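Worksheet: one structure, shown below.
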Amino acid sequence: MINKLLQQSVLFLVFILSLTNVHATEVSDSIEALLENNRNVEGEFRQVTYDEQGKELQVSEGVFLLAKPNQFVWDSISPFSQRIISNGQTVTIWDVDLEQATQRPVSGSVGNSPAALLSQPARDVLPNFDVSEISNGKYRLAPKDDQTLFQTLTLSFKKDLISAMSIVDSLGQTTVIEFKNVETHEGVAKANFTLELPEHVDVIIEGN
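Set out below in structure tokens:
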């Protein structure tokens with residue numbers, strides 16, 4: 016009798032584990048499809064950073080543009096002007112008021128970062144994370160690598176388009192990004208991702 020109960024328990028456990036694996040696969044497939052659907056998009060954003068106690072530290076607003084392959088523009092307009100542009104090979108971060116820019120290769124610079132999720136193929140990036148579904152259209156991603164700059168990343172989608180992103184960094188600060196007026200596009204000119212810096216800008220080149 017005991018052996019029979021044990022066998023039933025084992026079979027039940029195997030059944031539960033199989034359901035868990037199916038669910039995990041479905042979640043992974045769902046977010047991969049959503050991320051791929053958001054690789055050619057543009058819109059506006061509002062970004063707010065809070066400290067560990069929930070106190071507001073910084074607010075910025077701007078516009079963004081994403082396009083395959085691995086190209087993006089992230090323009091913070093207020094309160095300080097900053098442009099982050101990837102041409103698919105190099106990422107340039109230009110602090111306009113400081114007259115300083117940093118350039119680094121795309122490979123290795125955004126491999127486990129939030130930017131990679133929206134600019135690189137989802138199938139290449141998602142294996143770096145443990146993915147869980149919080150609710151319909153809302154997912155939490157935790158980096159498998161302890162050396163990353165953030166602890167968790169939460170992505171929210173509405174009507175299959177990105178609507179919000181929440182990042183908890185290694186210092187316990189939380190950055191919430193709300194997206195609005197998001198639209199898909201069929202592709203844009205490469206000139207949008209070309210940045211010619213003024214001669215007076217001090218350029219720092221990393222990762223070469």
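Numbers 16 to 223, taken from the working numbering, label the letters of the sequence shown in order. We treat Cβ as the ideally placed atom computed from N, Cα and C, and that holds for glycine. Since the structure is predicted, the reported quantities are computational estimates derived from the model, not experimental observations.
Classified as exposed, residue 206 has fewer than 16 neighbouring CB atoms from the shown chains inside 10 Å of its CB. For residue 221 against residue 119, the beta-carbon gap comes to about 4 angstroms, under 8 angstroms, which counts as contact. Counting C-beta pairs with one atom in each stretch, the region 57-67 and the region 191-209 have three or more that are closer than 8 angstroms, which means they touch. In the three-state reduction of the DSSP assignment, residue 44 falls in the helix class. A straight-line Cα-Cα distance of about 31 angstroms links residue 218 and residue 137. One thing to note: residue 104 has its Cβ within 8 angstroms of the Cβ of residue 121. Burial is judged here by how many other beta carbons sit within 10 angstroms of a residue's own beta carbon; residue 140 has at least 16 and is buried. Non-local beta-carbon contacts of residue 148 in its own chain, meaning distances under 7 angstroms to residues more than five positions away in sequence, involve 42 and 154 in chain order.
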